[in-house]
Amino acid sequence: DSGVTQTPKHLITATGQRVTLRCSPRSGDLSVYWYQQSLDQGLQFLIQYYNGEERAKGNILERFSAQQFPDLHSELNLSSLELGDSALYFCASSVTGNEKLFFGSGTQLSVL
Amino acid sequence: DQQVKQNSPSLSVQEGRISILNCDYTNSMFDYFLWYKKYPAEGPTFLISISSIKDKNEDGRFTVFLNKSAKHLSLHIVPSQPGDSAVYFCAALSPGAGSYQLTFGKGTKLSVIP
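Chains as they are written, first to last, in the numbering used here: chain X, 21 to 132; chain R, 543 to 656.
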């Protein structure tokens, strides 16, 4: 158990809908990362937050947004969903954002 | 454009033998490399890493080798055990303050046959 909690574990929705994925980092970790793993793809970095503020941005679509709350949990919002958004979404955390990451077990999103 | 490539999607090895997983990268700015292991229904877990100033790092049964001139690294597992069966991801890190943004390969699924 990495100490990073992601909910829900599975999510099935329809095209055009909006969903929210939630991540609770390890106790004491200030930085949260979001990664996407599509079928036959490696993990793609989406976005990083540190202590409530956006620190780095990767290949995140404009239809996606994220935030980190004062209690340090983070949410990834995916809107106007398309079939191609079906993927495994991982959250990871670290203490300061500049060292080894600990990953959650992921949220499997299926867009039908 | 894949900056980190794992060209073997899968690998099968007999228990007790050596497993060698390979990884190539294209970005010469990468200065730190990591291997993560992933079991089904779990997130990736850190396995071993190597800095670009070294050419070898060892941790128990796991050794990572780095050839900077060839932009190639490999993970050796000796001896391989059935519990090593998992997907292994190679990842690379660019220098930068305050961010541990990893670039991952697509992974190699290792099957260790008893």
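The C-beta atom is built at its ideal place from N, Cα and C for all residues, glycine as well.
* Answer with yes or no whether the minimum CB distance from L706 of chain R to chain X is below 8 Å. => No information on residue 706 of chain R is available, as it lies outside the stretch 543 to 656 that chain R covers here.
* Asked: Got a sec: is the Cβ-Cβ distance from A86 of chain X to anything in chain R below 8 Å?
  -> Taking the first residue of the first sequence as position 1, residue 86 of chain X is located at position 66. Chain R, which has no Cβ nearer than 8 Å to the Cβ of A86 of chain X, makes this no.
* Helix, strand or coil: which one does DSSP assign to D601 of chain R? -> Translated into the one-based positions of the second sequence, residue 601 of chain R becomes position 59. Here D601 of chain R sits in strand by DSSP.
* Asked: DSSP on D573 of chain R, reduced to helix/strand/coil?
  -> Counting from one through the second sequence, the residue named residue 573 of chain R turns up at place 31. Looking at D573 of chain R - three-state DSSP - the assignment turns out to be coil, as it is neither helix nor strand.
* Could you list which residues in chain X have their beta carbon closer than 9 Å to that of A628 of chain R, in chain order? => To locate residue 628 of chain R, count along the second sequence from 1; it is residue 86. Contact of A628 of chain R with chain X by beta-carbon distance below 9 Å is absent, the smallest such distance being about 13 Å.
* Report the three-state DSSP secondary structure of L50 of chain X (helix, strand or coil). => Here the question's residue 50 of chain X lines up with position 30 in the first sequence. Correct three-state label for L50 of chain X: coil.
* Nearest-angstrom Cα distance between I655 of chain R and L589 of chain R? -> Counting from one through the second sequence, the residue named residue 655 of chain R turns up at place 113. Counting from one through the second sequence, the residue named residue 589 of chain R turns up at place 47. Looking at the two C-alpha atoms, the distance is approximately 21 Å.
* To do: Just the C-alpha distance for E73 of chain X and V115 of chain X, rounded to the nearest angstrom, thanks.
  => The residue labelled residue 73 of chain X in the question sits at position 53 within the first sequence. The residue labelled residue 115 of chain X in the question sits at position 95 within the first sequence. Each residue's Cα considered, the two are about 14 Å apart.
* To do: For the segment 76–94 of chain X and the segment 26–36 of chain X, state whether three or more C-beta atom pairs, one from each stretch, are separated by less than 8 Å.
  => The answer is no - the segment 26–36 of chain X does not touch the segment 76–94 of chain X, with fewer than three Cβ pairs under 8 Å.
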